[in-house]
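Please read the structure below before turning to the comments.
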Amino acid sequence: MFEFQQYLGFLLFLTILTIGFWLMIFLVGFVQYWLGGAIIELIKERRNKNKQE
Numbered sequence: 001m002f003e004f005q006q007y008l009g010f011l012l013f014l015t016i017l018t019i020g021f022w023l024m025i026f027l028v029g030f031v032q033y034w035l036g037g038a039i040i041e042l043i044k045e046r047r048n049k050n051k052q053e
């Protein structure tokens, strides 16, 4: 059946795959949060600029 080395290789592959999956989800969420905040700040700056004029 499987040898111990193959079993460790399979576990290592699953670990790396899982870490990559969660890292991707974290980065996608962080980038959306970052872009949303930047857009809101840009809108606030434009509103304040229009009010001053």
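Residue numbers for the sequence shown, in this note's numbering: 1 to 53.
Even glycine gets a Cβ: it sits at the ideal position worked out from N, Cα and C.
Asked, Found
"Cutoff 8 angstroms: Val31 Cβ touching any chain C Cβ", "Looking for chain C here will not work: only one protein chain is present."
"Inter-residue spacing [alpha-carbon to alpha-carbon] between Ile16 and Trp34", "26 angstroms"
"Distance between Gly29 and Phe4 (C-alpha atoms, nearest Å)", "38 angstroms"
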